[in-house]
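K.L.:
Residue 2 is where the sequence shown starts when you use the numbering used here, and the numbers rise one by one after that. Think of the CB as a built atom: it goes at the ideal place given N, C-alpha and C, for glycine as much as any other residue.
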Amino acid sequence: SSDLRDFVLTTKDAVGTPQTQNRLYFVYRPDSLPRTSPLPMVLVMDAAPSTTAGGGFFHRKADQAGFLVVSCSFVGNSLGTVWNSDNPRTTGWEDYDYISAVISRVREMDGGGDAFICGLSKGGHVSWAYACERPEMLRAACSLDEFMGVTTNHPTTPLPVIGLQGTQDSNVPYYMVRDSIETWRRMNGVLGITPVTTFEASPLQPGRVTQATWRPEGDGAPVAFVTIVGGRSEEHTS
């Protein structure tokens with residue numbers, strides 16, 4: 002099960018006025034994992050505990066691969082129904098500070114180590130946005146079915162990233178996600194790199210899921226883009 006954690010967040014709005022918010026998150030820790038060394042954590046930015054089908058998937062993967070699942074929520078922020086993932090200099094730092102606080106708390110209280118962030122739809126947007134502003138807190142970022150605000154969110158440091166998108170998505174056009182990937186390719190210095198393209202295993206769409214990966218020389222940060230040919234999505238609000 003996921004353990005509920007609540008805390009008081011100290012943050013500030015766009016003009017620097019201090020604020021406090023009652024915030025929460027959930028931590029799932031596989032029973033088999035020891036507490037003797039730091040464990041990687043995956044922040045799931047989908048606004049609810051990992052009790053849905055998707056959350057169950059993360060729990061199963063955590064059991065298999067050995068990581069903490071940290072389910073994050075926008076409950077308690079000033080908007081109430083969505084993440085504040087625009088330019089924080091305009092809209093405030095609340096959810097950026099929230100994510101940083103969650104990472105720090107999981108490291109202190111649950112033996113968390115390297116942090117990875119991912120999300121679907123608006124959860125993907127805030128994953129991109131946080132990666133832009135505070136890449137030093139992360140090892141990698143992932144967004145599914147969502148673009149990055151290329152006029153409001155600007156990468157500041159190379160970071161490994163991956164995006165996933167269907168070509169027939171009517172809610173988030175494929176080209177918008179592709180443009181977000183291009184922005185990260187530019188930041189990570191792989192615009193001139195020829196990608197390695199692989200076909201990904203997909204029982205629902207065999208042969209129609211590909212991944213292009215741009216890897217820089219040395220220890221640089223790679224960029225990957227998964228394309229689901231013909232892939233569509235229903236509207237998401239998280």
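#1: My output table needs one value for ASN78: the three-state DSSP class, helix, strand or coil.
#2: Among residues of its own chain, excluding the 5 on either side of ARG106, which ones have a beta-carbon nearer than 6 Å to its beta-carbon?
#3: Quick one, are the C-beta atoms of VAL45 and VAL70 less than 8 Å apart?
#4: So, are the CB atoms of GLN7 and ARG24 less than 8 Å apart?
#5: Taking the DSSP output, what are the residues bridged to LEU145?
#6: Could you check whether the stretch 142-155 touches the stretch 75-82, counting it as contact only if at least three pairs of C-beta atoms, one from each stretch, sit closer than 8 Å?
#7: Grab me the residues of CYS143's own chain with a C-beta within less than 6 Å of its C-beta, minus the 5 sequence neighbours each way, in chain order.
#8: Pair every Cβ in the stretch 128-146 with every Cβ in the stretch 63-77, then say whether three or more of these pairs are closer than 8 Å.
#9: Quick one: what's got a C-beta closer than 6 Å to PRO31's C-beta in the same chain, skipping five residues either side?
#10: Given a cut-off of 8 Å, decide if ASN88 and GLU95 are closer than it, judged by their beta-carbon atoms.
#11: Is it buried or exposed, ASP180, if we count other Cβ atoms within 10 angstroms and call 16 or more buried?
#12: Determine the direct distance from the alpha carbon of TYR29 to that of SER72, and round the result to whole angstroms.
#13: Specify the secondary structure class of MET46 as computed by DSSP and reduced to three states.
#14: I believe ALA15 touches ARG90 by the beta-carbon criterion, under 8 Å. Please report the beta-carbon distance rounded to the nearest angstrom.
#15: Pick from GLN20, ILE194 and VAL210: whose alpha carbon is nearest that of VAL224?
#16: When the Cα of THR228 is compared with those of GLU218, THR214, GLY221 and ALA222, which residue comes out closest?
#17: Compare the beta carbon distance of ASP146 and GLY125 with 8 Å and say whether it is the shorter of the two.
#18: Could you please give me the residues that DSSP links to PRO19 through a beta bridge?
#19: Check this for me: beta carbons of GLY77 and ASP170, under 8 Å apart or not?
#20: Decide if THR21 is buried, meaning its Cβ has at least 16 other Cβ atoms within 10 Å, or exposed.
#21: Which two residues bound the contiguous beta strand (DSSP E) that contains ALA213?
#22: Let me see if you follow: with CB-CB separation under 8 Å, is PRO161 close to chain B or not?
P.N.:
Taking the coordinates as given:
#1: coil
#2: none
#3: yes
#4: Reading off the sequence, residue 7 comes out as Asp, not Gln. Going by C-beta atoms, ASP7 is nearer than 8 Å to ARG24.
#5: LEU121 and LEU165
#6: no
#7: CYS119 and ILE163
#8: no
#9: ALA63 and ASP64
#10: no
#11: exposed
#12: 8 Å
#13: coil
#14: 6 Å
#15: ILE194
#16: THR214
#17: yes
#18: LYS13
#19: no
#20: exposed
#21: 210-215
#22: Looking at the structure shown, chain B is missing, and only one protein chain is on hand.
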